[in-house]
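Protein chains in written order, with our numbering: chain A, 1 to 111; chain B, 112 to 226.
Glycine included, C-beta positions come from ideal geometry on N, C-alpha and C.
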Amino acid sequence: GDSVTQTEGLVTLTEGLPVMLNCTYQSTYSPFLFWYVQHLNEAPKLLLKSFTDNKRPEHQGFHATLHKSSSSFHLQKSSAQLSDSALYYCAANYGNEKITFGAGTKLTIKP
Amino acid sequence: DAGVTQTPRHEVAEKGQTIILKCEPVSGHNDLFWYRQTKIQGLELLSYFRSKSLMEDGGAFKDRFKAEMLNSSFSTLKIQPTEPKDSAVYLCASRGQGAGDTEVFFGKGTRLTVV
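Below, the structure written as structure tokens:
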């Protein structure tokens with residue numbers, strides 16, 4: 001069935017280092033892909049989403065590159081900030097309009 | 112403009128009780144989702160409504176979980192009877208009309224503890 005895989009449950013980094021959170025999706029279809037972020041005691045909210053014209057989405061220093069060859073949509077940032085500590089979800093819309101989420105990655109940034 | 116509103120924010124129930132969680136979507140949104148959030152499974156879809164019609168009932172959650180949408184601005188999720196394994200955060204989300212890349216807006220959730 002439709003699926004989204006996030007391999008890391010927990011990621012801990014030092015402030016200033018690069019961030020990469022992995023996301024792969026079922027490759028049978030070409031879904032719309034999203035990254036949602038949830039800070040402590042807040043609702044999840046959209047961070048960025050894939051474009052149909054293969055442009056690279058960017059927001060708040062984060063970007064994600066869609067690689068159809070590897071069915072991936074990894075989230076990256078060149079330099080982590082303390083405020084980036086949060087729960088990150090990769091999600092996909094496979095065309096049936098429901099949104100399928102990965103298990104989430106908890107990112108902790110230390111000083 | 113108000114976002115998605117969920118009540119209550121916290122609920123404690125004894126095993127076997129019936130509980131009802133409430134959600135008000137963003138005004139004008141046609142799609143409404145209920146998710147269960149746990150550390151192990153992440154976000155699991157419980158129900159999906161489009162224009163008040165049930166489109167997806169979350170398969171494994173059918174037997175004790177029932178979501179309803181009596182009007183376009185209000186939805187409930189009933190869990191009957193509750194079990195300790197139901198302890199989780201329940202998130203409601205809504206989405207307006209648009210293409211497949213349309214953003215979903217979430218509420219802050221209801222944290223359910225079943226003892």
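Its Cα nearest to that of cysteine 203 (chain B), the residue B:Glu155 stands out among B:Glu155, B:Asp212, B:Pro192, B:Lys196. When secondary structure is reduced to three states using DSSP, lysine 196 (chain B) falls in the helix class.
As far as DSSP is concerned, valine 137 (chain B) takes part in no beta bridge.
One finds nothing in chain B with a Cβ atom closer than 7 Å to the Cβ of leucine 66 (chain A); even the nearest lies about 12 Å away.
Of the residues assessed, glutamine 191 (chain B) falls on the exposed side of the cut-off, its CB having fewer than 16 other CB atoms within 10 angstroms.
For alanine 113 (chain B), the closest of B:Thr193, B:Pro119, B:Glu135, B:Leu181 by C-alpha to C-alpha distance is B:Glu135. Contact with chain A is found for leucine 156 (chain B), since one of that chain's Cβ atoms lies less than 8 Å from the residue's Cβ.
Under the 10 Å beta carbon count, aspartate 174 (chain B) is surrounded by fewer than 16 other beta carbons and is classified as exposed.
Looking at the DSSP output, cysteine 23 (chain A) bridges to nothing.
When A:Leu13, A:Ser72, A:His59, A:Leu107 are compared, the shortest CA-CA separation from threonine 28 (chain A) is found for A:Ser72. Residue pairing for serine 72 (chain A): DSSP places it in a beta bridge opposite A:Thr24, A:His67.
Think of a sphere of 7 Å around the beta carbon of glutamate 214 (chain B): the chain A residues whose beta carbon falls inside it are Leu46, in chain order. The beta carbon of asparagine 22 (chain A) does not come within 8 Å of any beta carbon belonging to chain B, so the residue lies off that interface.
If you draw a straight line from the Cα of serine 158 (chain B) to the Cα of glutamate 167 (chain B), it is about 5 Å long.
For phenylalanine 51 (chain A), no beta strand (DSSP E) encloses it, and the DSSP letter there is neither H nor E. Assigned with DSSP and collapsed to three states, alanine 171 (chain B) falls in helix. Listed along the chain, the chain B residues whose CB falls inside 7 Å of the CB of phenylalanine 101 (chain A) are Gly153, Leu154. DSSP places threonine 118 (chain B) in the uninterrupted beta strand (DSSP E) bounded by 116-118. Cβ atoms of tyrosine 94 (chain A) and proline 31 (chain A) come within 8 Å of each other, at about 5 Å. The shortest CA-to-CA distance from alanine 103 (chain A) to any of A:Cys90, A:Glu97, A:Pro111 is the one to A:Cys90. Interface flag for glycine 16 (chain A) against chain B is unset, since no Cβ pair is found closer than 8 Å.
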